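Just so you know, the protein sequences line up as chains A and B, in that order. Sequential numbering from 1 applies to the first sequence in full-length UniProt numbering. Sequential numbering from 1 applies to the second sequence in full-length UniProt numbering. For every residue, glycine included, the Cβ atom is placed at its ideal position computed from N, Cα and C. Just so it is clear, the structure is predicted and the values come from calculations on it, not from any experiment.
Number of protein chains: 2
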Amino acid sequence: MMGAAGQLALALNRLHGLPELAGRLGAPLAEADLVAVLEEASRFAEERIAPGRREADRAGCVLENGVVRVPPHYAGLLREWQAAGWQGVAAPVEHGGQGLPHAVWAAVFELVSSADMGFGLMPMLTAGAVELLAHHASADQAARFLPPLIAAEWNGTMGLTEPQAGSDLSAVRTRAVPDGAGGFRITGGKIFITWGENDIAANTLHLVLARLPDAPAGSRGISLFAVPKVLADGRRNGVRCGGIEEKAGIHASPTCTMIFEEAEGELVGEPHRGLPVMFAMMNAARLAVGVEGVGQCARATALAEAYAAGREQGGRAIAAYPDVARMLGEMRAVTAAARLIALDCAVSLDRARAGESGAEARLALLTPVCKAWCTDRAVEVASLGIQVHGGAGYVEETGAAQVWRDARIAPIYEGTNGIQAMDLVLRKLPRDLPAFRALAAEAGAADAALRGPAEALAEAASHLAFAPPEVAGAGAVPFLDAAGWVLGGAWLARAAVVEPALAEEAGFFLRRLLPRAKARLEEALAPA
Amino acid sequence: MMGAAGQLALALNRLHGLPELAGRLGAPLAEADLVAVLEEASRFAEERIAPGRREADRAGCVLENGVVRVPPHYAGLLREWQAAGWQGVAAPVEHGGQGLPHAVWAAVFELVSSADMGFGLMPMLTAGAVELLAHHASADQAARFLPPLIAAEWNGTMGLTEPQAGSDLSAVRTRAVPDGAGGFRITGGKIFITWGENDIAANTLHLVLARLPDAPAGSRGISLFAVPKVLADGRRNGVRCGGIEEKAGIHASPTCTMIFEEAEGELVGEPHRGLPVMFAMMNAARLAVGVEGVGQCARATALAEAYAAGREQGGRAIAAYPDVARMLGEMRAVTAAARLIALDCAVSLDRARAGESGAEARLALLTPVCKAWCTDRAVEVASLGIQVHGGAGYVEETGAAQVWRDARIAPIYEGTNGIQAMDLVLRKLPRDLPAFRALAAEAGAADAALRGPAEALAEAASHLAFAPPEVAGAGAVPFLDAAGWVLGGAWLARAAVVEPALAEEAGFFLRRLLPRAKARLEEALAPA
Chain A
1 MMGAAGQLAL ALNRLHGLPE LAGRLGAPLA EADLVAVLEE ASRFAEERIA
51 PGRREADRAG CVLENGVVRV PPHYAGLLRE WQAAGWQGVA APVEHGGQGL
101 PHAVWAAVFE LVSSADMGFG LMPMLTAGAV ELLAHHASAD QAARFLPPLI
151 AAEWNGTMGL TEPQAGSDLS AVRTRAVPDG AGGFRITGGK IFITWGENDI
201 AANTLHLVLA RLPDAPAGSR GISLFAVPKV LADGRRNGVR CGGIEEKAGI
251 HASPTCTMIF EEAEGELVGE PHRGLPVMFA MMNAARLAVG VEGVGQCARA
301 TALAEAYAAG REQGGRAIAA YPDVARMLGE MRAVTAAARL IALDCAVSLD
351 RARAGESGAE ARLALLTPVC KAWCTDRAVE VASLGIQVHG GAGYVEETGA
401 AQVWRDARIA PIYEGTNGIQ AMDLVLRKLP RDLPAFRALA AEAGAADAAL
451 RGPAEALAEA ASHLAFAPPE VAGAGAVPFL DAAGWVLGGA WLARAAVVEP
501 ALAEEAGFFL RRLLPRAKAR LEEALAPA
Chain B
1 MMGAAGQLAL ALNRLHGLPE LAGRLGAPLA EADLVAVLEE ASRFAEERIA
51 PGRREADRAG CVLENGVVRV PPHYAGLLRE WQAAGWQGVA APVEHGGQGL
101 PHAVWAAVFE LVSSADMGFG LMPMLTAGAV ELLAHHASAD QAARFLPPLI
151 AAEWNGTMGL TEPQAGSDLS AVRTRAVPDG AGGFRITGGK IFITWGENDI
201 AANTLHLVLA RLPDAPAGSR GISLFAVPKV LADGRRNGVR CGGIEEKAGI
251 HASPTCTMIF EEAEGELVGE PHRGLPVMFA MMNAARLAVG VEGVGQCARA
301 TALAEAYAAG REQGGRAIAA YPDVARMLGE MRAVTAAARL IALDCAVSLD
351 RARAGESGAE ARLALLTPVC KAWCTDRAVE VASLGIQVHG GAGYVEETGA
401 AQVWRDARIA PIYEGTNGIQ AMDLVLRKLP RDLPAFRALA AEAGAADAAL
451 RGPAEALAEA ASHLAFAPPE VAGAGAVPFL DAAGWVLGGA WLARAAVVEP
501 ALAEEAGFFL RRLLPRAKAR LEEALAPA
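Structural data, given as structure tokens:
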């Protein structure tokens, strides 16, 4: 068995040749340095973050007089996070980042999210804001906003959802009115704003979708605004937290209703072009949620392995019983496969930025698979983790139930997994069908066991790509799921060739789990 | 679409001919009366119990000075429950029950558990105690204990698990010492005792496994004792609650550590024969947990249907979107299939009691399938229910997350689902293989789509029945799962013939979900 950091380094160094790619992206990185970065991130995550995750869940968040109090130990943890500089791993060098490939951030973020998903959401959203601003802000905005975000002194949020506008953002009603001095006044309410308000960051920068007075109706009339909680002159802006949600998990991550009342904001990008800007950074955001899924898989597996090794029944550790061994085997195999899919997606993002031919299409196809498959698996793996613990798993003390409760949000936010599947099947398959068929063929070549499922996947893709929307819509989720089983199996097979320590995971996956791909393809193609 | 009570009545009246069977069991019951009973139970569950389920979850249980305070509204609810007489539906007439078939209780209990699983656990455990005492207590014990239990004035508990004895009950250490006057003094600690202590029942009767001083080691040296919280003369017995668990769900059902300190108890049954007595009532207890799974499927589906009908996006109710329709279709089909499997199991219990040939073997085979398949599906269906709600599903207010959290205990308690699968594959298949193959053949005859999967199931059964224990153990869970998909599909196909309103569920299940059976059989037969 290899630990998470070991698998991450193996995949990035030996399956993806990341050091060479990093050089092309202008941030040279030796294999040994990458190993050292991941080992250090793992140490930070396990020693500084993970010990507080149960307490963070128990303490949760409290809204008092407009201030959200996050778990008390988060203030010190944020200072350590700032000092260690992890936030800037993949951020632009000119604003204080280290400029490493995005895949390195994805790897570091897996370790952080695995240690405490609730805490990890703050760096995740901040990284999203950095991504967006680095590509779409003016030079002046970048100079003011990026350094404190990259230093993790400020946190960033994404203000999209409104009560009547969930998956359908064209229904956004928040208004932005020019103030006559080049700025805007934002008024409206946003819900489900992760880390929308907190008592530990020096400032919070809200990236908010709103409509200008002359905006056309629908999705072509939405603009993007940057709205800081505290203005440059130290005044408090007109934005406040109206409530926090009582949720099944991620108790330590405040999910806020944010009320904007003539809040001062700046336009980011062109007027009415807010949705394309937001969507442009969606690949990274959806990848990040998939990575959260991997992190929760890894945490569930680590907890279950430790419990099964230490708990005895009938005179031997329960890990030795065939059914417990089966559960642990599935957890390990799925975790490794999910990690490899997520890294393929992350490296594709870097390759696309390096201008490699075909990388853009690969990224477009892999992103929904990564987001949906890795997060659906996280909920299942966490549930298996509870089962390994037996009755103790249902008791909060062991932490197994927390992984399961925390993980359950990931199939929902940043576009539900149904939305991901429709993005793949209704939007991307018609556009990139040859690229998808090539991806399937590549998977089919990885191992004899994959040939049949990969062919069936390619055929289903060709069928669904041009099926009527009702048929494609009803088949989308099982199709995406099948794609994940095939692509994950292929990655495990390739990884086992390079690193024999992964042969057990690969064998278990291909022999025992891969049949699920065919079952889900049959479902995808059956009349609804 | 038919409601839960409608499907229950349809299945019992028209698929199982329960009224005729009831007559043979000495409790004549007309079809119309059965319909009326189920409608009344549904009304009680929906109008009296269900409105409090969110509040029950929120309030949870508190241990104060040795007293467990359950949610405040439960005191009044228990009085209504007592007055309505539901506890005694299938209990012996001579002790105040109505003597109806067990299947009627199973149907009523589904409705109760669906309304509030935490509350439902009290009647469930009490019914288990009644079952056990009705068959194994002395006439004198029955006369003293059964009337107050059947009237729901007392509640009953099962004291099996100890910290070192979870799935392996042979490791029980609690001691029972004769007091020289025909009674016993019980000393030891039990954990995970459902409703072990509470502030609303007049008394609590603990049925406790313990060892006599001369007991042989292992499972043949365990005896069963009845230990009331309050003794006949009004003295408080030496049993107290040492703590309650903080759990992921069923917050309103106290899960207690019970400490017995020279508590006065009575032997139930023969010395050293406690485990067989306990196991004799396990069929009913495991069936009841499977029924809980059905109840949670039904609740999740009802909540999701209501939400999807009322929530609009892009100008139409989300229920009309193909992927939401897919989720609702799966939830409805699985709920109906689980209900039909549970009722087959319940009716088999009644047929076995009526002495019908083959009923005992059918009951033995169906019980683990009912317990494990229905509860695994409950967690999945509840998770789909969250997904239908989107972000609102992760917020506790909608109640969707509660169903998921509550349902997650059911695959664990009353023998984990791994234990169920091993009971089926390692114990029952070798003994009852012809009966299992007949069951599979019966399923294969229900619809052309079932022929292949049913044959594959029968072949896998023949293979696993005589495989080495490690192979059978590693294949047990996926095998049982496959059995549930096949048997559930067969029941839906038969039900749709009798009642065309179920054709949609049957078609959805057979076309889209049944392929999972083959995938899980491949997994079961693959080398571990």
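**Request:** Pull out every residue of the region 451-479 of chain A whose Cβ sits closer than 9 Å to any Cβ of chain C, in chain order.
**Result:** The structure shown contains no chain C; its protein chains are A and B.
Is the CB of Ser383/B under 8 Å away from at least one CB in chain A? So, interface residue.
* Does the pairing of the region 158-177 of chain A with the region 305-318 of chain B give three or more beta-carbon distances under 8 Å? -> Here the region 158-177 of chain A lies against the region 305-318 of chain B, with 3 or more beta-carbon pairs under 8 Å apart.
- Message: When you compare the CB of Ala372/B with every CB in chain A, is at least one pair closer than 8 Å?
- Response: Answer no: the Cβ-Cβ gap between Ala372/B and chain A never drops below 8 Å.
- Query: Can at least three beta-carbon pairs, one atom from the region 357-374 of chain B and one from the region 285-298 of chain B, be found at a separation below 8 Å?
  - Reply: The region 357-374 of chain B is in contact with the region 285-298 of chain B.
Fill in: Alpha-carbon to alpha-carbon, Ala435/A and Gly358/A
The alpha-carbon atoms of Gly358/A and Ala435/A are separated by roughly 8 Å.
Exercise for the section: Indicate whether at least one CB of chain B lies closer than 8 Å to the CB of Ala401/A. Expected result: It does: the Cβ of Ala401/A has a partner Cβ on chain B nearer than 8 Å.
query = The beta strand (DSSP E) spanning Asn155/A covers which residue range?
reply = Unbroken beta strand (DSSP E) run through Asn155/A: Trp154 to Gly159.
Measuring CB to CB, does Ala11/A end up less than 8 Å from Leu343/A? Against a cut-off of 8 Å, the Cβ pair of Leu343/A and Ala11/A comes out as a contact.
Counting only Cβ-Cβ distances shorter than 9 Å, please list the residues of the region 410-421 of chain A near chain B, keeping chain order. Residues Pro411, Ile412, Tyr413, Thr416, Asn417, Gly418, Ile419 and Ala421.
Item to complete: Can you say whether Ser138/B is buried or exposed, counting buried as having 16 or more other CB atoms within 10 angstroms of its CB?
Response: Exposed.
**Request:** Count the other CB atoms, across all protein chains shown, that sit within 10 Å of the CB of Ala461/A; report buried if there are 16 or more and exposed otherwise.
**Result:** It counts as buried.
key: Under 7 Å by beta carbon: chain A residues contacting Tyr394/B   = The contacting residues are Lys247, Ala248, Arg408, Ile409 and Ile412.
What residue range does the alpha helix (DSSP H) around Asn203/A cover? Note, Asn203/A: premise wrong, no alpha helix (DSSP H); beta strand (DSSP E) at Asn203 to Ala210.
- For the UniProt domain "Acyl-CoA oxidase/dehydrogenase middle" (158-262) of chain B, which residues have a beta carbon sitting closer than 9 Å to at least one beta carbon of chain A? Result list: Thr161, Gln164, Ala165, Gly166, Ser167, Asp168, Ser170, Ala171, Ile191, Phe192, Glu245, Glu246, Lys247, Ala248, Gly249, Ile250 and Thr255.
### Message
On the DSSP letters alone, give me the boundaries of the beta strand (DSSP E) that Met258/A sits inside.
### Response
Its beta strand (DSSP E) spans residues Thr255 to Val268.
(request) Please classify Pro271/A: does DSSP put it in a helix, a strand, or coil? (result) Pro271/A: coil per DSSP, three-state reduction.
Beta-carbon proximity list for Ile386/A, same chain, < 7 Å, skipping 5 on both sides
Around Ile386/A: Gly393, Tyr394, Ala400, Ala401 and Trp404.
For this session: Please confirm if Pro527/A has its CB atom under 8 Å from at least one CB of chain B.
Result: So yes, Pro527/A belongs to the interface.
Is the Cβ-Cβ distance between Thr194/A and Leu121/A less than 8 Å?
With a cutoff of 8 Å on beta-carbon distance, Thr194/A and Leu121/A are scored as near each other.
message: Between Pro515/A and chain B, is the shortest Cβ-Cβ distance under 8 Å, so that the two count as touching?
response: Residue-level contact by beta carbon holds for Pro515/A and chain B, with a gap shorter than 8 Å.
### For Ala382/B, the nearest candidate out of Ser348/B, Leu487/B and Gly249/B (CA to CA)
Per the Cα distances, Gly249/B.
Would you say Pro453/B and Leu514/B are within 8 Å of each other, going by their C-beta atoms? Yes. Within cutoff.
- Please list the residues of the region 316-327 of chain A that have a C-beta atom closer than 9 Å to any C-beta atom in chain B, keeping them in chain order. Per Cβ criterion, the list reads Ile318, Tyr321, Pro322, Asp323, Val324, Ala325, Arg326 and Met327.
Report task. Closer than 7 Å by beta-carbon distance: list the chain B residues that pair up with residue 536/A, in chain order. Result -> For chain A, the structure presents residues 1 to 528; residue 536/A sits outside this window and is missing.
| Name the DSSP beta bridge partners of Ile186/B, please? | For Ile186/B, which the question treats as bridged, DSSP gives the partners Ala176/B and Ala263/B.
**Q.** Close-in-space but distant-in-sequence residues of the same chain around Ala503/A (CB under 8 Å, 5 per side omitted)
**A.** Only Ala496 meet the Cβ criterion.
Any chain B beta carbon closer than 8 Å to Arg512/A:
For Arg512/A, the answer is yes, since a Cβ of chain B falls inside 8 Å of its Cβ.
ask   = With 16 other CB atoms within 10 Å as the buried threshold, where does Gln420/A fall?
value = Classification for Gln420/A: buried.
Practice item. State the CB to CB distance for the pair Asp432/B and Ala361/B, rounded to an integer number of angstroms; the pair is presumed to be in contact (CB under 8 Å). Key: In this structure, Asp432/B and Ala361/B form a Cβ contact; the two beta carbons are roughly 5 Å apart against a cut-off of 8 Å.
Cβ separation of Thr187/B and Glu261/B, assumed to be a contact under 8 Å, to the nearest whole Å:
For Thr187/B against Glu261/B, the beta-carbon gap comes to about 6 Å, under 8 Å, which counts as contact.
Looking at C-alpha atoms only, which residue of Gly3/A, Asn13/A and Ala5/A is the closest neighbour of Val498/A? When each option's Cα is compared against that of Val498/A, the closest is Asn13/A.
Q: Please look up how many angstroms separate the CB atoms of Leu160/A and Ala333/A, rounded, as I've assumed it's under 8 Å.
A: About 35 Å separates the two Cβ atoms, so there is no contact after all.
Can you name the residues of chain A whose CB is closer than 7 Å to the CB of Gln313/B?
Result: Gly166, Ser167 and Asp168.
### Query
Is Gly99/A helix, strand or coil by DSSP?
Looking at Gly99/A - three-state DSSP - the assignment turns out to be coil, as it is neither helix nor strand.
Shorter than 8 Å from the beta carbon of Lys428/B to some beta carbon of chain A?
Contact with chain A is absent for Lys428/B, since none of that chain's Cβ atoms lies less than 8 Å from the residue's Cβ.
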